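Under UniProt numbering, the first residue of the sequence shown is numbered 1, with each subsequent residue one higher. We treat Cβ as the ideally placed atom computed from N, Cα and C, and that holds for glycine. Quick caveat: nothing in here was measured; it's all calculated off a predicted structure. A quick write-up on the structure given underneath.
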Amino acid sequence: MSCSGNLIWDVRKRSIGFNEPNAVRINYLGRREFVQRLKLEATLNVHDGCVNTICWNDTGEYILSGSDDTSLVISNPYNRKVKAAIRSGHRANIFSAKFMPCTNDQQIVSCSGDGIIYYTNTEKSADVNRQCQFTCHYGTAYEIMTVPNDPYTFLSCGEDGTVRWFDVRMKTSCTKEDCKDDILINCRRAATSISVCPLMPYYLAVGCSDSSVRIYDRRMLGTRATGYYTGSGTTGMCVRFVPAHLASKSCRVTSLCYSGDGREVLVSYSSDYIYLFDPKDDQARELKGPSEERREELRQPPVKRLRLRGDWSDTGPRARPESERERDGKSKRTTKRTCTQVFRHTNTHSHSHTQTQDTGSLSHTHSLRHTLTDTHPHLDTHTLTQTHTLTQTHTLTQTHTHRPHPHLDTHTLTQTHTHTHTHRHTHTQSDAGS
């Protein structure tokens, strides 16, 4: 009861200006007594597909949501009304959307599964907003992150392993092919989540598909457009940490977030637990740089993925880990036949018969060829191919000599007949239980 009473009093003091606007959030966010009292208050039916991202505005009055239906919706959760439904221009599932700070909720930045980022102004028409797109990422763009109190810049991360930094004062669109102008960090592994420290916004946490979380100091980084770009994934990296049992695995980070005071980082992994890291912990600092084996692994190019509508989106766009795909592959190799065998058996039988008489000769040849091919071209498919070839050749030669006549009369007749018959039979059988 004390928690409820204190909360009501603190909200009251905030409303009359006695408390800082963020005081209630800082004091009650994460408190067990408060969280246990939470319950479902309302359901907002504003989308036709899975909702992948929600974001509060600065005042806590509105919610911005993005969905598989490719639309952006600004809702008031208190009166259950929709303030604005925006045709985003996205053609793929929206994975992340944020209000730009200090813009009176009029400017929104969002990204989708096809890697396209849209910079949207709610006061402008859809045709104008569609021109403000960035197609720099190849592969999925997973998350958008704004910088506190900065209405001009934002960051993005994606499957191509890059973290990019955009400044809308320099450009509001970019459709350059294979653009590298705005790359801030190249992780050389899929960068699946990012978070900016709320108190020291030059610290940037990046979660990757190799189980690691890296924290960078943005003051030591730059892009090709701004200068000081090195292209290295270790430049500006302050800390790199990973759970001990995941050090040699590739478990995808699905989300990470700084605490309100910036002292801790909460990280969730696909098919694993949630971890709370202290960036200043000595053990975390011991993992500052990757090992040589890990560096070699990081040099591998990222794999493009095509995410279709409806595939595991109810568990989040980053929920399909590489380790899960590797385990699936090993299981199939263990439980199913993977060999490809070709057996060829050839049996040729020839028979020759020659008969010679005064009046002629007869030659008969018979050959039989039998070929058997047994192939396993797939994991669970058995194909049997049988080929029979029968060749028969008949040669008849007849010579007649008439001696009673005054002159020799010799007559030779040769007849040859060849017959070839080939029969091919193929039988395919699926053996799912193998």
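What do you get for residue i, buried or exposed, if any count of 16 or more other CB atoms within 10 angstroms of its CB means buried?
i: ASP182; result: buried
i: GLY17; result: exposed
i: VAL163; result: buried
i: SER209; result: buried
i: HIS137; result: buried
i: MET100; result: buried
i: ARG169; result: exposed
i: TYR258; result: buried
i: ASN52; result: buried
i: residue 437; result: Summary: the structure shown does not reach residue 437, with the chain confined to residues 1 through 434, and so no result is reported for it.
i: CYS157; result: buried
i: LYS98; result: buried
i: residue 435; result: Outside the displayed range of the chain (1 to 434) lies residue 435, so it cannot be described from this structure.
i: ARG218; result: buried
i: VAL11; result: exposed
i: HIS349; result: Residue confidence for HIS349 is low, a pLDDT of 43 falling below 50, so the modelled location carries little weight; the figure read from the coordinates is stated next. Exposed: under 16 other Cβ atoms inside 10 Å.
i: GLN107; result: buried
i: TRP9; result: exposed
i: ARG252; result: buried
According to DSSP, is residue i part of a helix, a strand, or is it coil?
i: TYR119; result: strand
i: ILE16; result: coil
i: TYR28; result: helix
i: ASN6; result: helix
i: ASN57; result: coil
i: LEU246; result: helix
i: ALA141; result: strand
i: VAL11; result: helix
i: LEU308; result: Unreliable positioning characterises LEU308 in this predicted model, as indicated by a pLDDT of 35, which lies under 50. A coordinate reading is not provided.
Terminal residues of the continuous alpha helix (DSSP H) containing residue i?
i: GLU33; result: 32-35
i: THR127; result: Strictly speaking, residue 127 in this sequence is Asp, with Thr absent from that position. Segment 126-129, the alpha helix (DSSP H) holding ASP127.
Hey, could you find the ends of the beta strand (DSSP E) residue i is sitting in?
i: TYR275; result: 274-277
i: ASN76; result: 71-76
i: TYR62; result: Neither: TYR62 is in no beta strand (DSSP E) and is coded neither H nor E.
i: LEU44; result: LEU44 -> no beta strand (DSSP E), and no H or E assigned at all.
i: THR254; result: 253-258
i: ARG240; result: 237-241
Which partner residues of residue i appear in the DSSP bridge assignment?
i: SER271; result: Its beta-bridge partners do not exist; DSSP assigns none.
i: SER67; result: VAL51
i: LEU38; result: Looking at the DSSP assignment, LEU38 forms no beta bridge with any residue, so it has no partner.
Any beta carbon of chain C sitting closer than 7 Å to that of residue i?
i: GLU159; result: Within the model displayed, chain C is absent; a lone protein chain is all it includes.
Can you list, in chain order, the stretches of the beta strand (DSSP E) that have 3 or more residues and sit fully within the stretch 146-220?
DSSP runs (the beta strand (DSSP E)) wholly in the stretch 146-220: 153-158, 162-167, 183-186, 191-196, 203-208, 213-217.
Runs of beta strand (DSSP E) lying entirely within the stretch 78-123, each at least 3 residues, in chain order
For the stretch 78-123, the continuous beta strand (DSSP E) assignments of 3+ residues that do not extend past its boundaries occur at 81-87, 94-99, 107-112, 117-121, in sequence order.
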